[in-house]
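Line order of the protein sequences matches chains E and U.
With this note's numbering as the guide, the letters of the first sequence map in order to residues 85 to 644.
With this note's numbering as the guide, the letters of the second sequence map in order to residues 85 to 644.
Notes follow the structure.
Protein chains: 2
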Amino acid sequence: MKKNADLIPQWLETAPQKDSFRSILKWGDKQAFKNPSKGFLKVIKQALNLTDTDFITMDKTGNQAVKESPLTLSRANLAELEKIVGKENLSIATYDRLKYTKGKAMEDIMRLRQGQIKDICDVVVHPRHKQDVVSIVRLCHGQKIPVHVYGGGSSVTFGLDCPRGGVTLVLSTHMNKLICFNETNQTITVEPGMTGPVYEEMLNYAPQKLSAKKAYTGGHFPQSFEFSSVGGWVVTLGSGQASSLYGDAADLVISQEYITPKGSFKTIEYPATATGPKLNDIMKGSEGCFGVLVSVTMKVFEYLPDNNRQFTFMFPSFESAVAAGRQISQGRFGMPAILRISDAEETDVAMQMYGLEGGVIDKFMGFKGMKKGSRCLMMGQAEGERSFVDTVLRQVKKKCRENQGFYLTGYPMRKWYKGRFSDPYMRDALNDYGILIDTLESSVTWENLHALHKTVRKVVKANPHTICMTHASHFYAQGTNLYFIFITKMPALAEFRTYQQSIIDSIEAAGGSLSHHHGVGRMMAPWMERHLGGEQMAVLRAIKTHLDPNGIMNPGGLGL
Amino acid sequence: MKKNADLIPQWLETAPQKDSFRSILKWGDKQAFKNPSKGFLKVIKQALNLTDTDFITMDKTGNQAVKESPLTLSRANLAELEKIVGKENLSIATYDRLKYTKGKAMEDIMRLRQGQIKDICDVVVHPRHKQDVVSIVRLCHGQKIPVHVYGGGSSVTFGLDCPRGGVTLVLSTHMNKLICFNETNQTITVEPGMTGPVYEEMLNYAPQKLSAKKAYTGGHFPQSFEFSSVGGWVVTLGSGQASSLYGDAADLVISQEYITPKGSFKTIEYPATATGPKLNDIMKGSEGCFGVLVSVTMKVFEYLPDNNRQFTFMFPSFESAVAAGRQISQGRFGMPAILRISDAEETDVAMQMYGLEGGVIDKFMGFKGMKKGSRCLMMGQAEGERSFVDTVLRQVKKKCRENQGFYLTGYPMRKWYKGRFSDPYMRDALNDYGILIDTLESSVTWENLHALHKTVRKVVKANPHTICMTHASHFYAQGTNLYFIFITKMPALAEFRTYQQSIIDSIEAAGGSLSHHHGVGRMMAPWMERHLGGEQMAVLRAIKTHLDPNGIMNPGGLGL
């Protein structure tokens, strides 16, 4: 018999059954798989106190077919909708209604694996263009039918749930087109359903695809990049892996056009304006609760990938790594595009995942006084005009050295960069054996960072046998974000919910933002009133009531 | 008899009479004066078709005393207000009521010179602290008394007018204090009435004044700097001369606290957050129409003045200068803090003002094909960490050379920098001889810049004998601003208003923003509905109605 360490679980590497729950819950490409590395699996086994026997029998895989479920929308309303978009752009099949109303939160996945059908819409509609949206919103406003919007489906905050049924508009089917590209202004206007890769490729190949003089980048790369939509970035206040230079999604938006029950409007395209509170700001992050985004104009940047320079450093402690990160962010020499700091636990896992533990680097680190359990990894990439990149890299190195950082070349960063969008695939493999991976994230000022980190870790670790990895990955002069990944075995949904809520509670109580870039959805909604205070929530409700007097737009979203 | 060119008008260089209209209208320091240079006066005489006789008799100087004017607020209400702030912090003297309700718009000045008392408040109140503001807003909400806020008094958009009388709160008297400084987060929290110089000096001398490790800068220097308030920057969406690097006022705000008729709230301090539409954004630019700003937390930056590097270039045309400005802004090498491009007319005036016309530089320029009437000046200053500054300067020079720019050293820029806050003093001197100087400004995308410039110039020049100088001074990757200065002789107020309105009309019709950084006030208010559209105005009105149901906060401001 093989030794435990060598046993490799039978990972499920076949495409999900057609029309199954699994085909809905599975991350990304139906034919793509990524299993935990031997090193990562070893970490998990150790930390979660598992043995090989835990990897013999699979948990519910969700490979059973979705059964039909009744709907409550009237035949007359369905007929009206069909009249607007045509028979081919409407579906009342339960499979579709489930598919387009479930995101990628751990709880979504757990329910789907168990074959649960909950909070789905009555009908899925694929509008062809803005005019369809106008007609649908008018109809639904008159008939008081809830309206929800599906972009890329990567919500991890129950943003797509339809607790009152109604219509889900899928914008990625048809409303995914280029509207216009303006090379002089360096802006692009697209329909909101365009996905990240289509958007970025069009810009990268702008000379060929847009008859442009130069190539461009959108500078926005959330981990969900491949399955996210441009509209989704904007309405959920997303943030990409290169945000430290390019800005968050909110910073990239020049203009937006919305269809609301009250009427339609498009904000004017200006680089800046002083004409009172800006609708372009007010609508960002509205998560479909005020109206439907039908076109968006974004900043683009000259694409200069040949200039990219990677760096990696090891620090003796989280404190020293964070100090370097703060000094870089406040250094007035320009920011690297990507900057990431892993805490000690994430660093240890990374060392094992990449097979570095026990090797030469590990030994050398030990010699340098950078010990397992306290050492922390920083990595990043500088982008831009060549001499700017050189300046940033030189100054980053200086700040790191000043904080006892040890340069590990750009190699680990390049390794991470290559696989940066494929990690979510691993979750399905682990889930198959009942191991949960979930994430919660927050933004925080420098001063409050370590207190938040300690408090949240304590709550996560209160559950025995849990991995809690944390990183900061979006940097600002005033602070950063903390992204908590927790891995544990917890088959009961009720238990998981209680656990997750205790973590959210701890984030809120310790002064972190309820979300840095995942948005609010229905997951954070119960905390919103306490978090913002009644007065601020009342202002959001007043805007909601004005634009959506019948309360049909994504009811329950944002806690409104 | 002396030749015309040598005649120097008898400029009025005595402090205004006590309690006179002039003491209200005069810019800045009562004892400070700046008269047009010989060169500038020559330009004005030529362009406006004036002779020495136009500089013999002064127009109305406004040196007469302000006479008492009745007020309508009830004795009971006055007594209530007095009970809140104390007798010493309240005034019903007409002089005070006029002083704190007039800004620095050309029309304000004209009316004051004519001794007009119009749209003033009933009572001036100097709240001591936030709690006073709470009590006053509560009283005024109950009694339906209008409430206005005075910060630095530098509004050029009738932002301080009180068409329905009521109370004016002067925040610069007492509510001008430091609340806290956080060096780790690089933020400072102040009361809104703190003036620019106090704020900046405190930061520049942070080691001495704030027990900080380093010195800081706020990075915000509007032309009104010396007489502007931090709160004013935020609620009017101001922009400083160094905005191309540091950002506009709106970009500097981390958190705000407001007292509204509906209640009070303070937005939470985060570097970023994804918890729905942000009150911190919604309140920016609200110009006192939603509530009273009582504290604001701003970003600060390490102060590195020794690294500053100046540059000046001459270009053969406005087109080539703007092309260089655009390429700098889109260059991905970091931005200079200050960047300014003067159009041909402003360049010619500058050459004469600085006595350069006809000199060696002028002749050399001619030799280079840079002729009067078409050549354009660009100047700027790079700031930040030393190697960043070097990179920016090197790349700026490269972009300028590529667009036929000729390097004129940093000298003219240093000259401008030295006098940058004193130019407004010249207006009073010229006004004394009936010569108007007014400014209107707009933001615009690169693509629309030249069309806007030509259209507005045509309308300005439709009035014969008018100087129209234009510059771009706030740069973004997507566009810039155009700042129009027009100088003419037009004694009749009604004629001036018609003229000014025709210029605003032309800005709006040509697709410029109604304002880049002057704000809306009551001057732009009549255009707001057309500019933003009914749907967007209705959203602003809905927020107003929610926070201020009795419509007491700065009535008529923003066009709400």
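Using N, Cα and C, we set each Cβ at its ideal position, and we do this for glycine too.
Every unbroken alpha helix (DSSP H) within the segment 507-570 of chain U, with a cutoff of 4 residues, ordered by chain
Given a length threshold of 4 residues, each whole run of the alpha helix (DSSP H) inside the segment 507-570 of chain U is given here in chain order: 508-515 and 530-545.
Going by the CB atoms, is the gap between Val540 (chain U) and Ala594 (chain U) shorter than 8 Å?
Taking the second sequence and counting its residues from 1, one reaches residue 594 (chain U) at position 510. Taking the second sequence and counting its residues from 1, one reaches residue 540 (chain U) at position 456. Result yes, Cβ atoms of Ala594 (chain U) and Val540 (chain U) sit closer than 8 Å.
Quick check on Trp530 (chain U) - is its C-beta less than 8 Å from some C-beta in chain C?
Structure shown: chain C not included; protein chains present are E and U.
For Lys167 (chain E) and chain U, any beta-carbon pair shorter than 8 Å?
In the first sequence, residue 167 (chain E) corresponds to position 83, counting from 1. No, no contact with chain U.
Quick one: residues in its chain with C-beta nearer than 7 Å to the C-beta of Lys202 (chain U), no 5 flanking neighbours on either side, listed in chain order?
By 1-based counting over the second sequence, the position of residue 202 (chain U) is 118. Correct list, in chain order: Arg195.
Once the 5 residues before and after Lys346 (chain E) are set aside, which same chain residues still bring their CB inside 6 Å of it?
Taking the first residue of the first sequence as position 1, residue 346 (chain E) is located at position 262. The residues Leu631, in chain order, have a CB closer than 6 Å to that of Lys346 (chain E) in the same chain once the five nearest residues on each side in sequence are set aside.
Residues, ordered as in the chain, of the segment 608-629 of chain U that lie near chain E by beta-carbon distance below 8 Å
Met608, Met612, His615, Leu616, Gly617, Gly618, Glu619, Gln620, Ala622, Val623, Leu624, Ala626, Ile627 and Thr629
If you measure from the beta carbon of Leu294 (chain U) to each beta carbon in chain E, is any gap under 8 Å?
Looking up residue 294 (chain U) in the second sequence gives position 210. So no, Leu294 (chain U) is outside the interface.
Hey, Asp245 (chain U) and Val208 (chain U) are a contact pair by Cβ (cut 8 Å); roughly how many whole angstroms apart?
Sequence index remark: in the second sequence, residue 245 (chain U) carries index 161 (1-based). Sequence index remark: in the second sequence, residue 208 (chain U) carries index 124 (1-based). Contact doesn't hold; Cβ gap of about 14 Å is too wide.
Roughly how far, in whole angstroms, is the beta-carbon of Thr359 (chain E) from the beta-carbon of Ser597 (chain U), given that I think they are within contact range, below 8 Å?
For this step, residue 359 (chain E) is matched to residue 275 along the first sequence. For this step, residue 597 (chain U) is matched to residue 513 along the second sequence. Right, the Cβ-Cβ distance comes to about 6 Å (below 8 Å), so this counts as a contact.
Am I right that Pro120 (chain E) and Met510 (chain E) are in contact with their C-beta atoms under 8 Å? What's the rounded C-beta distance?
Position 36 of the first sequence holds residue 120 (chain E). Position 426 of the first sequence holds residue 510 (chain E). Correct: roughly 6 Å between the Cβ atoms.
Name, please, each residue of chain U whose Cβ falls closer than 8 Å to the Cβ of Tyr501 (chain E).
Taking the first sequence and counting its residues from 1, the one referred to as residue 501 (chain E) is at position 417. Correct list: empty, because the minimum Cβ distance to chain U is about 19 Å.
Starting from His213 (chain U) and walking both ways along the alpha helix (DSSP H), at which residues does that stretch end?
Here residue 213 (chain U) corresponds to residue number 129 of the second sequence, with the count starting at 1. That residue, His213 (chain U), is in no alpha helix (DSSP H); it is neither H nor E in DSSP.
Pull the bridge partners of His232 (chain E) from the DSSP assignment, please.
Numbered from its first residue, the first sequence carries residue 232 (chain E) at position 148. DSSP, once it has assigned bridges, lists E:Thr252 as partnering His232 (chain E).
Look at the alpha carbon of Phe105 (chain E) and the alpha carbon of Val476 (chain U), and state the distance between them as a whole number of angstroms.
Indexing the first sequence from 1 puts residue 105 (chain E) at position 21. Indexing the second sequence from 1 puts residue 476 (chain U) at position 392. Distance from the CA atom of Phe105 (chain E) to the CA atom of Val476 (chain U), rounded to whole angstroms, is 55 Å.
Contact check, Glu592 (chain U) vs Arg614 (chain U) under 8 Å by CB: the rounded distance?
Counting from 1 along the second sequence, the entry for residue 592 (chain U) is found at position 508. Counting from 1 along the second sequence, the entry for residue 614 (chain U) is found at position 530. Confirmed, Cβ separation roughly 7 Å.
Given a limit of 8 Å on CB to CB distance, which residues of the segment 532-553 of chain U reach chain E?
Cβ contacts with chain E: none found.
Pairs of beta-carbons, one from the segment 480-492 of chain U and one from the segment 427-435 of chain U, closer than 8 Å: are there three or more?
no
Partner residues on chain E for Asn487 (chain U), Cβ-Cβ distance less than 9 Å
By one-based count along the second sequence, residue 487 (chain U) stands at place 403. Going along chain E, no residue has its Cβ under 9 Å from Asn487 (chain U), so there is no contact; the nearest lies around 15 Å.
Name the chain U residues that come within less than 7 Å of Ser527 (chain E), Cβ to Cβ?
On the first sequence, position 443 is the one that residue 527 (chain E) refers to. Simply Tyr354, Pro355, Ala356 and Thr357.
Per-residue burial, Val254 (chain U) [other beta carbons within 10 Å of its own, 16 or more giving buried]
By 1-based counting over the second sequence, the position of residue 254 (chain U) is 170. That one is buried.
Quick one: measure Cβ to Cβ for Thr279 (chain U) and Ser313 (chain U), integer angstroms, because I've assumed they're closer than 8 Å.
Here the question's residue 279 (chain U) lines up with position 195 in the second sequence. Here the question's residue 313 (chain U) lines up with position 229 in the second sequence. Going by Cβ atoms, the distance from Thr279 (chain U) to Ser313 (chain U) rounds to 6 Å, so yes, they are a contact pair.
Between Met612 (chain U) and Leu642 (chain U), what straight-line distance do the alpha-carbon atoms span, to the nearest angstrom?
The residue labelled residue 612 (chain U) in the question sits at position 528 within the second sequence. The residue labelled residue 642 (chain U) in the question sits at position 558 within the second sequence. If you take the alpha carbons of Met612 (chain U) and Leu642 (chain U), they lie about 7 Å apart.
Taking one C-beta from the segment 568-584 of chain U and one from the segment 514-534 of chain U each time, how about it: are there three or more such pairs within less than 8 Å?
yes
Just tell me which of E:Gly563, E:Ile343, E:Gly331 and E:Glu310 has its CA closest to the CA of His225 (chain E).
As a first step, residue 225 (chain E) is located in the first sequence; it is residue number 141 there, counting from the start. Nearest C-alpha to His225 (chain E): E:Ile343.
Any C-beta of chain E under 8 Å from that of Lys362 (chain U)
The residue given as residue 362 (chain U) occupies position 278 in the second sequence. Yes, Lys362 (chain U) lies at the interface with chain E (some Cβ there is under 8 Å from its Cβ).
Does the Cβ-Cβ distance between Asn565 (chain E) and Ser506 (chain E) come in under 8 Å?
Within the first sequence, numbered from 1, the residue matching residue 565 (chain E) stands at position 481. Within the first sequence, numbered from 1, the residue matching residue 506 (chain E) stands at position 422. Contact: no.
Taking Cβ-Cβ distances shorter than 7 Å, what residues in chain U pair up with Gly338 (chain E)?
Numbered from 1 along the first sequence, position 254 holds the residue referred to as residue 338 (chain E). The question names Gly, but residue 338 (chain E) in the sequence shown is Ile. What Ile338 (chain E) touches in chain U: Gln562.
Going by DSSP, name the residue or residues bridged to Lys383 (chain U).
Within the second sequence, the letter at position 299 stands for residue 383 (chain U). U:Thr271, per the DSSP bridge assignment.
Report yes or no: is there a C-beta of chain U within less than 8 Å of the C-beta of Arg511 (chain E)?
Numbered from 1 along the first sequence, position 427 holds the residue referred to as residue 511 (chain E). Not closer than 8 Å to any Cβ of chain U, the Cβ of Arg511 (chain E) fails to qualify, so no.
For Leu91 (chain E), which residues of its own chain have a beta-carbon under 6 Å away from its beta-carbon, when the five flanking residues on both sides are left out?
Reading the first sequence from its first residue, position 7 is the one you call residue 91 (chain E). Counting only Cβ-Cβ distances below 6 Å, and skipping sequence neighbours, we find Asp136.
What three-state label does DSSP hand Lys86 (chain U) in the structure shown?
Start at 1 with the first residue of the second sequence, and residue 86 (chain U) comes out as number 2. Because the pLDDT at Lys86 (chain U) is just 43, under 50, the model does not fix this residue reliably, and the point stays unresolved.
I believe Ser471 (chain E) touches Arg478 (chain U) by the beta-carbon criterion, under 8 Å. Please report the beta-carbon distance rounded to the nearest angstrom.
As a position in the first sequence, residue 471 (chain E) is number 387, starting the count at 1. As a position in the second sequence, residue 478 (chain U) is number 394, starting the count at 1. Confirmed, about 7 Å.
How would you label Ser256 (chain U), buried or exposed, when you count the other beta carbons within 10 angstroms and need 16 or more for buried?
On the second sequence, residue 256 (chain U) is found 172 positions in, with the first residue counted as 1. Buried: at least 16 other Cβ atoms inside 10 Å.
When you compare the CB positions of Gly372 (chain E) and Val282 (chain E), do they come within less than 8 Å of one another, or not?
By 1-based counting over the first sequence, the position of residue 372 (chain E) is 288. By 1-based counting over the first sequence, the position of residue 282 (chain E) is 198. No, these two residues do not count as a Cβ contact at 8 Å.
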